[in-house]
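Student: Encoded as structure tokens, here's the structure I'll be asking about.
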Amino acid sequence: MKIAIVCYPTFGGSGVVATELGLELAKRGHQIHFITYSQPVRLELLNKNIFYHEVHVPEYPLFHYQPYELALSSKLVDMIKLYEIDLLHVHYAIPHAYAGYMAKQMLAEEGIYIPMVTTLHGTDITLVGKHPFYKPAVTFSINNSDVVTSVSKSLRDDTYKLFDIKKEIKVVPNFIEIVKSEAAKHLPCSRSLMADEGEKIVTHISNFRKVKRIEDVIDIFYKIQLKVPSRLMMVGDGPEKEKAEQRCIDLKIHDKVVFFGNSNEIDKILCYSDLFLLPSETESFGLAALEAMACGVPVISSNSGGLPEVNIDGKTGYLSDVGNIEEMSQNAIQILSDENRLLSFKQNALENAKNFDIQQILPLYEQIYQEALSLV
Ligand code: GMT
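Everything in the sequence shown is counted per UniProt numbering, starting at 1 for the first residue and increasing by one.
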């Protein structure tokens, strides 16, 4: 199949999922065309089945906002015609499903019919999409997609609750490439560079937005380090980072916390981590938690959104109500201060991650593509 994938090229989970999906589809012989405004961060172009087409949005002083949707739908029309693409898979409803629908309409005028699969990722529904400014357009583009998928049951239910959806939403969970995570385990793990003998390593990875409750991460770690000698690795970048750095200084734990910024070496950082913190306000899935588990790292998370579908309470980690810092730190201390318990949580985390292996999830997408093709 020739498939066009539209996604955000940044470090956000939706872009990562879209990129990894495209790479694996290409390995299986499909021709994949990534269409976005810059090269996706995890995209490796060294494969004859992978193409990348950049959407240019020329600046014009009349426009207060440059019309990205227009440029994207025009690029889609051009590339779909040029490469005779069979199917369009858009990740994150805003504005991709809307631009995809416009492209479909333009192509239909020329007698070209192409199905569109829309994958909902989370904030496109729960935070941004439900805003009255966007809601009619999001509802319209979901209802006018040929097939709609969501990355968790929780996100599917939220979508039905928040929008007037007339289509079936199929749940296809996010995935992880277990082989890659296993291979990373054999890389030299430079734990001793990051922590002293006897110290535990706690990690958080995100885009440092408000929804991630970065202050809770710092406060949980503050309580942990009072009881367990430990260090905190903060990976990622975003609007809440500066505040987090200041909080570490205020709490006098700045010498125990490393801020890495964005990194493409997640596996290397996770390979020496003992515990992962994800106390988010809402999380449709929690791909970062799954990436941690695939490296055998247990997770302390909130119980919001799709997190209970990924992190199993008392087995792969613990879940608490959003903002319950006390319980999250107690659970973290309990895992970290007992070597046997820590080891069994690590094993359970890895075992559960195997249920989300790309080799199991990818055929579900291939099936959905076949179904979408049969609709046009
Ligand atoms: O807000 C983010 O964390 C980024 C957002 C995205 O655009 O990638 O993440 C969402 O999609 C991920 C991939 O499906 C999910 O793993 C995240 O849970 C989801 N984020 C939220 O729901 C907050």
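Note that beta-carbon positions come from the ideal geometry of N, C-alpha and C, so glycine has one too. For clarity, every value in this text was computed on a predicted model and none was experimentally measured.
Would the C-beta of Arg209 count as close to the ligand GMT, meaning under 7 angstroms from any of its heavy atoms?
Tutor: yes
Student: Run the CB neighbour count on Lys104, radius 10 Å, all protein chains shown included, and call it buried at 16 or more, exposed below.
Tutor: buried
Student: Check Arg341 in the structure and name its three-state DSSP category.
Tutor: Arg341 falls in the helix class under three-state DSSP.
Student: DSSP state of Gln370, grouped into three classes?
Tutor: helix
Student: Taking Cβ to Cβ, would you say Glu240 is nearer than 8 angstroms to Arg191?
Tutor: no
Student: Can you give me the start and stop residues for the beta strand (DSSP E) that Gly317 sits inside?
Tutor: 317 to 320
Student: So what does Ser301 bridge to, in DSSP terms?
Tutor: Note: Ser301 sits in a beta bridge opposite Leu278, Leu319.
Student: If you scan the region 45 to 125 from start to end, which runs of the alpha helix (DSSP H) of 4 or more residues do you find wholly inside it?
Tutor: 68 to 83, 93 to 109
Student: Rank Pro58, Val16, Leu82 by C-alpha distance to the C-alpha of Tyr68 and give the top, closest one.
Tutor: Pro58
Student: Kindly confirm or deny that the region 285 to 295 and the region 129 to 147 touch, where touching means at least three C-beta pairs closer than 8 angstroms.
Tutor: Verdict: no, contact absent.
Student: Given a cut-off of 8 angstroms on the beta-carbon distance, is the pair Ala4 and Ile35 in contact?
Tutor: yes
Student: At which residues does the alpha helix (DSSP H) containing Leu226 begin and terminate?
Tutor: Under the DSSP assignment, Leu226 falls in the alpha helix (DSSP H) whose first and last residues are 214 to 227.
Student: Would you report the Cα separation of Tyr272 and Ala195, rounded to the nearest angstrom?
Tutor: 9 angstroms
Student: Alpha carbon to alpha carbon, how far is Ile249 from Gln347?
Tutor: 35 angstroms
Student: Taking the beta strand (DSSP E) that Leu23 falls in, what are its first and last residues?
Tutor: Careful: Leu23 lies outside any beta strand (DSSP E), inside the alpha helix (DSSP H) at 13 to 27.
Student: Less than 8 angstroms between the CB atoms is what I'm expecting for Leu307 and Gly286, so what's the real figure, rounded?
Tutor: 5 angstroms
Student: Which residues does DSSP list as the beta-bridge partners of Leu232?
Tutor: Val202, Val257
Student: So the candidates are Phe276, Leu87, Asp237; which of them puts its Cα closest to the Cα of residue 416?
Tutor: This structure gives no information on residue 416, because the portion of the chain shown stretches from 1 to 376.
Student: Classify Lys200: buried if its beta carbon has 16 or more other beta carbons within 10 angstroms, exposed otherwise.
Tutor: buried
Student: According to the Cβ coordinates, are Lys153 and Val171 closer than 8 angstroms?
Tutor: yes
Student: Hey, out of Leu43, Phe63, Ser38, whose CA is closest to Glu54's CA?
Tutor: Ranking the options by Cα distance to Glu54, first place goes to Ser38.
Student: Going by the DSSP bridge assignment, what does Lys170 pair with across the sheet?
Tutor: Thr149
Student: Give me the DSSP bridge partner(s) of His33.
Tutor: Ala4, Phe51
Student: Can you tell me where the alpha helix (DSSP H) holding Arg191 begins and where it ends?
Tutor: 191 to 194
Student: One question on the structure: do Val77 and Met116 come within less than 8 angstroms of each other, judged by their Cβ atoms?
Tutor: no
Student: Taking 8 angstroms as the CB-CB cut-off, is Ala349 touching chain D?
Tutor: Protein chains in the displayed structure number just one, and chain D is not present.
Student: Does the distance from the CB of Phe345 to the CB of Ile333 come in under 8 angstroms?
Tutor: No, these two residues do not count as a Cβ contact at 8 angstroms.
Student: Just grab the DSSP bridge partners of Asp157 for me.
Tutor: BP columns for Asp157 are empty, so no partner.
Student: Looking at the unbroken alpha helix (DSSP H) that takes in Phe140, where does it start and where does it end?
Tutor: 135 to 143
Student: Is Ile165 helix, strand or coil by DSSP?
Tutor: Correct three-state label for Ile165: coil.
Student: DSSP puts Ile249 in a beta bridge; with which residues?
Tutor: DSSP output for Ile249 lists no bridge partner at all.
Student: Just tell me which of Ala99, Lys75, Leu364, Lys354 has its CA closest to the CA of Ile178.
Tutor: Lys354
Student: DSSP three-state call for Ile266: helix, strand or coil?
Tutor: helix
Student: Whole angstroms is fine: what's the gap from Val310's alpha carbon to Gln360's?
Tutor: 15 angstroms
Student: Quick one: is Lys166 buried, meaning 16 or more other Cβ sit within 10 Å of its Cβ, or exposed?
Tutor: exposed
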